[in-house]
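Each residue of the sequence shown is one higher than the one before, starting from 7 at the first, in the numbering used here. By construction, the Cβ of each residue, glycine as well, lies at the ideal position given by its N, Cα and C atoms. To start, the structure under review is shown below, and the notes come after it.
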Amino acid sequence: MNRLNAISEEIEQLDLATSGQSLARLKRDEMVALNSTLLHELYFASLGGDGRVLPDGLASAIAKDFGSVDRWRQEFVGIANGLAGGSGWVLLTYVPRDGRLVNQIASDHAQSIAGGVPILALDMYEHAYHLEFGANATAYIAAFMRNIDWSAVKLRYEDAIKVAPPRPLEQKEFGDVPSISVEEVREMLTSGSPVQIIDTRPKHYTTKAQDIMEGAVWRDPERLDDWIGTLSRTEPVVTFCVYGFHIGCQTASALRKAGFDARYMAGGHYAWKAIKGPVKLFE
Ligand SMILES: [Fe+2]
């Protein structure tokens, strides 16, 4: 806390117009000091029980996300053993984005999962155990596990699951443009049903792109007027861009206004690659 307060004071006294590098260094130090206090608070709040029986609701949540409570325990202890002789935290963290629990390492008192809510913390910095356990980290870890206050962890879990997941990106301007999934596009290609697939990744992007979806042609989205005349009016059109958020939607929208049956491929080029859809060299 003293260190954190000293850092905050230093930051307040900086001339922000000229202090770029000092500011960046102090903000890094501030994060380490702040997170260190937060994790130490959680560490002490994790202790004081008998470590034995997990309350029902928490046991079933852990079993759901790790396979079983034993499997969770093995992983948690395994991570701790892996940090023995080094440093870092082992955390059991709830991730609202995914609605699940994960075990994680937090090095340098930081690197917590963005938006994650840690509910159990094990300090694996040597200062936590060398006075009582010397180099015997295994005994320290076992003692920690025997003293977990599971009823307190359960209450923190109940608080954590109330945290709403981050809101997804919404693009109201494209709300009425229909999309098609990469799986559906693959099905169209496999079944041979007629479709015109247009890769509309921006021109500046194509200079570093190495591959293109098999069956697609690249067209410059900035020059729609030049190529719109080459499209068949009777076959459906599928457009896509890098991640399927913006340019692909825009092009599909413009084509629909021109009377084409156009949809954008949700997730774009990378969604196609994620399902291992065939690609070819992009020339
Ligand atoms: Fe510590």
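Cβ contact (3+ pairs, closer than 8 Å) linking the region 145 to 164 and the region 52 to 64: In short, these stretches touch, since the Cβ pair count reaches three.
Quick one: grab the DSSP three-state call for S259. Correct three-state label for S259: helix.
Taking 9 Å as the threshold (C-beta atoms), are G274 and F251 in contact? Closer than 9 Å, so yes.
Pull up the DSSP beta-bridge partners for N109, would you. In the DSSP assignment, the residues bridged to N109 are L98.
Near ligand 1, which residues have their beta-carbon less than 5 Å from any of its heavy atoms, given in chain order? The set, ordered by position in the chain, is D129, Y131 and A134.
I need the straight-line Cα distance from H115 to A149, nearest angstrom please. Near 22 Å, if we compare the C-alpha coordinates of A149 and H115.
Could you pull out every residue in the same chain whose Cβ sits closer than 7 Å to the Cβ of L48, ignoring the five residues on either side in sequence? The residues are P124 and A127.
Nearest to P184 by alpha carbon, out of G57, M271 and L237? The option with the nearest alpha carbon to P184 is M271.
From the DSSP output, read off the bridge partner residues of A268. Partner(s): V243.
Anyone know if the C-beta pair for W95 and I119 falls short of 9 Å? No. Outside cutoff.
Please confirm if the region 167 to 181 is in contact with the region 213 to 220, defined as three or more CB-CB distances below 8 Å between the two stretches. No, they do not touch.
Beta strand (DSSP E) segment containing M219, residue limits: Its beta strand (DSSP E) spans residues D217 to M219.
Quick one: give me the first and last residue of the alpha helix (DSSP H) that A23 is part of. Taken as a continuous stretch (DSSP letters only), A23 belongs to no alpha helix (DSSP H), as it is neither H nor E.
Could you pull out every residue in the same chain whose Cβ sits closer than 6 Å to the Cβ of L195, ignoring the five residues on either side in sequence? Excluding sequence neighbours, L195 sits near G221.
Comparing alpha-carbon positions, which option in Q202, T24 and V248 lies nearest W233? It is Q202.
Taking only three categories from DSSP, how would you classify D35? The DSSP-derived three-state label of D35 is helix.
Bridge-paired residues (DSSP) for A127: Answer is L97.
Just to confirm, is the Cβ distance from I85 to N109 under 9 Å? The Cβ-Cβ distance between I85 and N109 falls below 9 Å.
For S185, list the residues DSSP reports as bridge partners. Paired residues: Y270.
Return the CA-CA distance between L137 and A90, expressed in angstroms with no decimal places. CA-CA distance, L137 to A90, rounds to 15 Å.
Pull the bridge partners of Q202 from the DSSP assignment, please. Note: Q202 is bridge-paired with V243 in the DSSP secondary-structure output.
Using DSSP with H/G/I as helix, E/B as strand and the rest coil, what is A134? In the structure shown, A134 sits in a helix (DSSP, three-state: H, G or I).
Straight-line Cα distance separating G122 from I204: Those two C-alpha atoms are separated by around 38 Å.
If you check the beta carbons only, do C247 and R192 fall under 9 Å apart? No, these two residues do not count as a Cβ contact at 9 Å.
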